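This report concerns only the one structure given below.
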């Protein structure tokens, strides 16, 4: 967005074309002239900075209002010098916002970009299980320990494979109807009646020459009836199904011996995969993906990866270490301090 475009947005929002140019050029000769020189200088400085930030970030005036929290009826005339209220109050509010915005920008700039997806040996097994569930079709029940990348891997597969639909279940969306509505939403369906939803979903998932797959992330939040509802789509429309979650997922639907009334689900599990702790090769691959050339940092990260939370612990610690480094090169001491701040270990 150019400066001219930014300036003219207020005109079209508040005045008709006949008076737009006058409002754009006219500076209030009442309130501004009554301001003390110091207050006016502060307004001019803040105004220039706000405009510069908006131009740099390509923010429109409405977007500037949204981000700053200042309503258009106040911010627009403050920017144009036509405000009839207390300039000092709005100027102070905008200065505080600018300060917070700059701090956030510096924090983000200091952060190290996390690898989007790392194909660790365990991630490779998850991908293979998903491919098989989609091709067969069958049901995959996948359990990984916390921080081992189950959600990242599932998201990667769904984003890069045709005819895959992934839903993430909240604890409050556990009932069959809630699950079906979530699935319909991800499939882009707007039907509300259950009978119509069921048919519409079926048409989307029908195999008819395609290999379709439904991935349910955080599947431990589902009730048994919800799983049976999804099993219906497997049976009728021949789509694959993957349930991904914590240890409860395996215990309920893919254990060595099926629980009572779970036989219909249990016998359809073609790919069970359970791994609660990362392999050494998983940790090595993940640490290598960050690209550290300091062997001490790599050693610390590998030790962190063996803690509860696994690869996720490495990620959060490194991001905090980058902030501690303040834009400088991350050192092993930064990593140690970040770990201590996050866990309390080594802080005494």
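In our numbering, the protein residues as written are 87 to 434. Every residue gets a Cβ at the ideal spot worked out from N, C-alpha and C, and that includes glycine. All figures in this text were calculated on a predicted structure; none of them were measured in a lab.
Residue 229, DSSP secondary structure in three states: strand
Simplified DSSP assignment, three categories, for residue 79: Outside the shown range of the chain (87 to 434) lies residue 79, about which nothing can therefore be said.
Inter-residue CB distance, residue 277 and residue 283 (contact presumed, cutoff 8 Å): With a Cβ gap of about 5 Å, residue 277 and residue 283 count as contacting.
Contacts around residue 434, its chain only, beta-carbon distance under 6 Å, and the 5 residues preceding and following it disregarded: Here residue 434 scores only 43 on pLDDT, less than 50, and its place in the model should not be relied on; the value that follows carries that caveat. None.
Residue 231 and residue 363 closer than 8 Å at C-beta: yes
Assigned secondary structure, residue 396 (DSSP; H/G/I helix, E/B strand, else coil): helix
Reference residue 238; option with closest CA among 218, 226, 374, 210: With distances taken between Cα atoms, residue 238 lies closest to 210.
Simplified DSSP assignment, three categories, for residue 212: helix
Spatially closest choice to residue 168 from 148, 222, 409, 121, by CA coordinates: 121
Proximity to residue 292 [Cα-Cα], best of 260, 250, 268: 250
Inter-residue CB distance, residue 334 and residue 306 (contact presumed, cutoff 8 Å): 4 Å
Environment of residue 391 [buried if 16+ CB atoms lie within 10 Å]: buried
Beta-carbon spacing of residue 406, residue 388 below 8 Å: no
Close Cβ partners of residue 181 (< 6 Å) along its chain, the five nearest in sequence each way excluded: 132
Supposed close pair residue 207, residue 326 - CB separation, criterion 8 Å: Residue 207 to residue 326, Cβ: 23 Å. No contact.
Of the listed residues 262, 161, 268, nearest to residue 253 (C-alpha basis): 268
Integer-rounded CB distance, given that residue 357 should sit under 8 Å from residue 215: Indeed, because the Cβ distance is near 4 Å, the residues count as touching under 8 Å.
Boundaries of the alpha helix (DSSP H) in which residue 295 is found, first to last residue: Careful: residue 295 lies outside any alpha helix (DSSP H) and carries neither H nor E.
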